[in-house]
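So the sequence shown is numbered by the working numbering: it starts at 153 and just counts up by one. Note that CB positions come from ideal geometry on N, CA and C, so glycine has one too. Right, one structure below, let's go through it.
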Amino acid sequence: MQKSVYIKTYGCQMNVYDSARMADVLAPRGYRRAETPDEADLIVLNTCHIREKAAEKVYSELGRLKRIKEKRLAAGKDATIAVAGCVAQAEGAEMRRRAPAVDLVFGPQSYHRLPELLDRARRDGSAIGQEFEADGKFDTLPEESASQGPSAFLTVQEGCDKFCTFCVVPYTRGAEFSRPAAAVLAEARRMVAGGTREIALLGQNVNAYAGEAPGKIGGGNGGGGNGGVWGLGRLIRELADVEGLDRIRYTTSHPRDMDDDLIAAHAKVPALMPYLHLPVQSGSDRILAAMNRKHTADDYRRTVDRLRAARPDLALSSDFIVGFPGETDEDFAATLRLVNAVGYAQAYSFKYSARPGTPAAEADGQVPEAVKAGRLAALQQLLEAQQAAFNHACIGRTMPVLLDRPGRKPGQLVGRSPWMQAVHVAAPDGRLGTIADVAIGRATANSLAGRLADAPAAPPRDRVEEVRAA
Ligand code: 5AD
Ligand code: SF4
Numbered sequence: 153m154q155k156s157v158y159i160k161t162y163g164c165q166m167n168v169y170d171s172a173r174m175a176d177v178l179a180p181r182g183y184r185r186a187e188t189p190d191e192a193d194l195i196v197l198n199t200c201h202i203r204e205k206a207a208e209k210v211y212s213e214l215g216r217l218k219r220i221k222e223k224r225l226a227a228g229k230d231a232t233i234a235v236a237g238c239v240a241q242a243e244g245a246e247m248r249r250r251a252p253a254v255d256l257v258f259g260p261q262s263y264h265r266l267p268e269l270l271d272r273a274r275r276d277g278s279a280i281g282q283e284f285e286a287d288g289k290f291d292t293l294p295e296e297s298a299s300q301g302p303s304a305f306l307t308v309q310e311g312c313d314k315f316c317t318f319c320v321v322p323y324t325r326g327a328e329f330s331r332p333a334a335a336v337l338a339e340a341r342r343m344v345a346g347g348t349r350e351i352a353l354l355g356q357n358v359n360a361y362a363g364e365a366p367g368k369i370g371g372g373n374g375g376g377g378n379g380g381v382w383g384l385g386r387l388i389r390e391l392a393d394v395e396g397l398d399r400i401r402y403t404t405s406h407p408r409d410m411d412d413d414l415i416a417a418h419a420k421v422p423a424l425m426p427y428l429h430l431p432v433q434s435g436s437d438r439i440l441a442a443m444n445r446k447h448t449a450d451d452y453r454r455t456v457d458r459l460r461a462a463r464p465d466l467a468l469s470s471d472f473i474v475g476f477p478g479e480t481d482e483d484f485a486a487t488l489r490l491v492n493a494v495g496y497a498q499a500y501s502f503k504y505s506a507r508p509g510t511p512a513a514e515a516d517g518q519v520p521e522a523v524k525a526g527r528l529a530a531l532q533q534l535l536e537a538q539q540a541a542f543n544h545a546c547i548g549r550t551m552p553v554l555l556d557r558p559g560r561k562p563g564q565l566v567g568r569s570p571w572m573q574a575v576h577v578a579a580p581d582g583r584l585g586t587i588a589d590v591a592i593g594r595a596t597a598n599s600l601a602g603r604l605a606d607a608p609a610a611p612p613r614d615r616v617e618e619v620r621a622a
């Protein structure tokens, strides 16, 4: 069904870019851009905190939107209001208290989660991205975690010390901070008690996780000493012991922080799902150096090899940037070679866009827009072909699917495969929130469809004819 989204963007280049990506991720769901909020099923305010009284301006805009929403609802139309970006980040849950017309709140750089947050809002009445828990205030309310549903997010880490030269995160989000392991475990137990079966551990640099070990809270010799800190591998192993937690994921990771213990967790922990988002950005060593990624394309390939040795069915996803300053045709060809060598199940790719205040924004050799567009099209063609091949290879297989939301059609549920594919299946509502074996019968570029393996198969056509004839 055709729907429309109105996105109002405040502030910096980064927000302009994030807004464009939001429109992109919504397009496959049938959303086109609306010119005014009055004609939109979904209104997004992508906010900026830089100007004085930024939050007040957003609240006064929300007052106006509330009236539009009321009018649309009275006319039987959809009207969902989402607030994204840095004001959402700063206000967090407070935003919904002060402006109850708001359905959805999520922080910067999480546009890719918009479709899933929308589903959650539709199901639960509202949704709050956990990533907005700014400034180390990881005070998620228990009732929020309880309402997240079968598949939930749990923020374990914030900020980034990597300073990739294209990225604003180290400036906007500050230094790396990890939530103490005991708090993460307690939160996970609460979520599972509330019906959650799958937890995705979130962090800007999640595999740099270094959380205070339980039992050390409140001190000891300066804290954080030997054995006093858990890495992500250890955290995952401990989470796997939480009764009722069937699936664990984590995102987003940096190749440099993929340590032995975390790689070993992929071999040892069956609940750790065989899908990893491991952004590489480029396949050219020259560009990787200019990006300050601190690894080469070969380092990345070796890390992938070790991960696949640990978990042979691991599927990979990545982020790519094309047209970084100084990128030549040969550099771009190296990116295509890397994609061919690794083989991705899914990926995000972007044209480089200068973000004020980052080193790359000032660099020589900015690449013309038309060149960027050409490279992006070529890269996306390759990545889409890989994704389609990955999905088609699933036909005929039976796989466990966490059925986490109703489908568009009655009698249909949608879930996630272990490899993050959306799977559509005819199933009664009572199966919602359970993990079911699904026999995959069809695949599209973006999703799978199948039937419950424990349901009788529809008789083949000729058999139907036979029965009728009999
Ligand atoms: N230009 C283009 N893409 C960017 N990303 C981050 N900053 C920029 C930028 N300036 C992409 C990276 C990152 C993802 C979240 O967004 O690929 O991994
Ligand atoms: Fe940005 Fe990620 Fe690089 Fe950190 S590691 S600077 S968040 S791209």
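With a cut-off of 7 Å, the C-beta of isoleucine 220 is classified as distant from the ligand 5AD, since no heavy atom of the ligand falls inside that distance.
With contact defined as three or more Cβ pairs closer than 8 Å, the region 382 to 390 and the region 533 to 541 are not in contact. The C-alpha of tryptophan 571 lies about 42 Å from the C-alpha of arginine 216. Distance from the CA of methionine 551 to the CA of alanine 226, rounded to the nearest whole angstrom, comes to 44 Å. Counting only runs of 4 or more residues that sit fully inside the region 465 to 522, the alpha helix (DSSP H) segments are 481 to 494, in chain order. Between aspartate 230 and the set Gly367, Tyr500, Ala253 and Val210, the nearest pair of CA atoms involves Ala253. Closest option to valine 336, judged by alpha-carbon separation, among Asn598, Gly259 and Arg386: Arg386.
By a beta-carbon distance limit of 8 Å, alanine 512 contacts threonine 317. Their separation comes to about 4 Å.
Closest in C-alpha terms to proline 180, from the list Ser505, Ser599 and Val566, comes Ser599. By the Cβ neighbour-count rule, aspartate 516 is exposed, with fewer than 16 other Cβ atoms within 10 Å of its own.
In terms of Cβ geometry, valine 523 and valine 494 do not form a close pair [threshold 8 Å]. It is roughly 19 Å from the alpha-carbon of alanine 365 to the alpha-carbon of arginine 342. Contact between tyrosine 361 and glycine 347 fails: their C-beta atoms lie close to 25 Å from each other, not under 8 Å. Those residues placing their Cβ nearer than 6 Å to any heavy atom of the ligand SF4 are, following chain order, Cys312, Lys314, Phe315, Cys316, Cys319, Val321, Pro322, Gln356, Asn357 and His406.
Remark: C-beta atoms of lysine 503 and alanine 529 do not approach each other more closely than 8 Å.
Asparagine 198 is not a Cβ neighbour of threonine 232, given a cutoff of 8 Å. For serine 505, the Cβ falls inside the 7 Å cut-off from some heavy atom of the ligand 5AD.
Around the Cβ of threonine 596, a 10 Å sphere holds fewer than 16 other Cβ atoms; the residue is exposed. The shortest C-alpha to C-alpha distance from glutamate 479 to any of Ala251, Gln518, Val491 and Ser501 is the one to Gln518.
At a threshold of 7 Å, phenylalanine 502 counts as near the ligand 5AD, since its beta carbon sits closer than that to one of the ligand's heavy atoms.
DSSP places proline 558 inside the beta strand (DSSP E), whose first and last residues are 550 to 558. Of the residues Tyr211, Asp412, Asp413 and Asn357, the one whose Cα lies closest to the Cα of leucine 430 is Asn357.
At the C-beta level, serine 212 and tyrosine 183 stay beyond 8 Å of one another.
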